[in-house]
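*Asks:* Reminder that position 61 of the sequence shown reads as 68 in my numbering, one-by-one numbering, no gaps. Note that the Cβ used here is the ideal one computed from N, Cα and C, for glycine as well. This one's a predicted model, so the numbers in the text were calculated from it and none came from an experiment. I'd like to ask you about the structure that follows.
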Amino acid sequence: MSEIMNCPECNHEILTRMGTICPNCGYTVGYFNGDGKRKKYGKFFALTVFIPFISFVTILFAQMNKYTMIVGIAIFFYLAIKSCPLLFKDIFLTKFERIFFWLVWIFANSLLFALIFNILKKGFEG
Ligand SMILES: [Zn+2]
8 MSEIMNCPEC
18 NHEILTRMGT
28 ICPNCGYTVG
38 YFNGDGKRKK
48 YGKFFALTVF
58 IPFISFVTIL
68 FAQMNKYTMI
78 VGIAIFFYLA
88 IKSCPLLFKD
98 IFLTKFERIF
108 FWLVWIFANS
118 LLFALIFNIL
128 KKGFEG
């Protein structure tokens, strides 16, 4: 796990391991700014938080009529697939991380699906 990379600040060779401090400039390798994998992980973490929120707002606006709702549902499915942990399985360091993101993804999308279901059940009269 202790690979070498170049310090993003001064180009000195340092370990990619989290918490490594560059002896040359003092740059510290954080949780999200180690190697490329960690950067991808940071992006995925942001996606996991923001996508359900974006879907939620989209669905709220989409319930105006059935045509906007069709678009809203399409966006919901698109975003749910795009943020699925299955696409990011190579970035998880531990089994715990993998389980955690799967649970968050399932929970958020179940709530959104229930919201869509309730809107559809209510129908679009007038
Ligand atoms: Zn440095």
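Enumerate in chain order the residues of its own chain whose CB-to-CB distance from I82 is below 6 Å, with the five nearest sequence positions on each side excluded.
*Replies:* Correct list, in chain order: T65.
*Asks:* Is N125 near ligand 1, with its Cβ less than 7 Å from a heavy atom?
*Replies:* No, the beta carbon of N125 sits no closer than 7 Å to any heavy atom of ligand 1.
*Asks:* Along the chain, where does the alpha helix (DSSP H) that runs through N125 open and close?
*Replies:* Taken as a continuous stretch (DSSP letters only), the alpha helix (DSSP H) holding N125 covers 102 to 129.
*Asks:* Please list, in chain order, all residues of the same chain as I58 whose beta carbon is under 6 Å from its beta carbon, the five residues on each side excluded.
*Replies:* For I58, where only same-chain residues beyond five positions count, the Cβ hits under 6 Å are L86, S90.
*Asks:* Does the structure place the region 93 to 108 close enough to the region 70 to 77 that three or more beta carbon pairs sit under 8 Å?
*Replies:* With a cut-off of 8 Å, the region 93 to 108 and the region 70 to 77 do not count as touching, because too few Cβ pairs lie within range.
*Asks:* Enumerate in chain order the residues of its own chain whose CB-to-CB distance from E16 is below 6 Å, with the five nearest sequence positions on each side excluded.
*Replies:* Within the same chain, E16 has close Cβ partners C32, Y34.
*Asks:* Given the structure, does E20 come close to ligand 1, in the sense that its CB is under 7 Å from one of the ligand's heavy atoms?
*Replies:* Incorrect: E20 has no Cβ contact closer than 7 Å to ligand 1.
*Asks:* Keeping to the same chain, check which residues put their C-beta closer than 6 Å to that of S62; ignore five residues upstream and five downstream.
*Replies:* These residues qualify, in order along the chain: F83, L86, L119.
*Asks:* Given F95, which residues of its chain have a CB within under 7 Å of its CB, disregarding the five upstream and five downstream residues?
*Replies:* F51, listed in sequence order.
*Asks:* Quick one: grab the DSSP three-state call for T35.
*Replies:* It is a strand residue.
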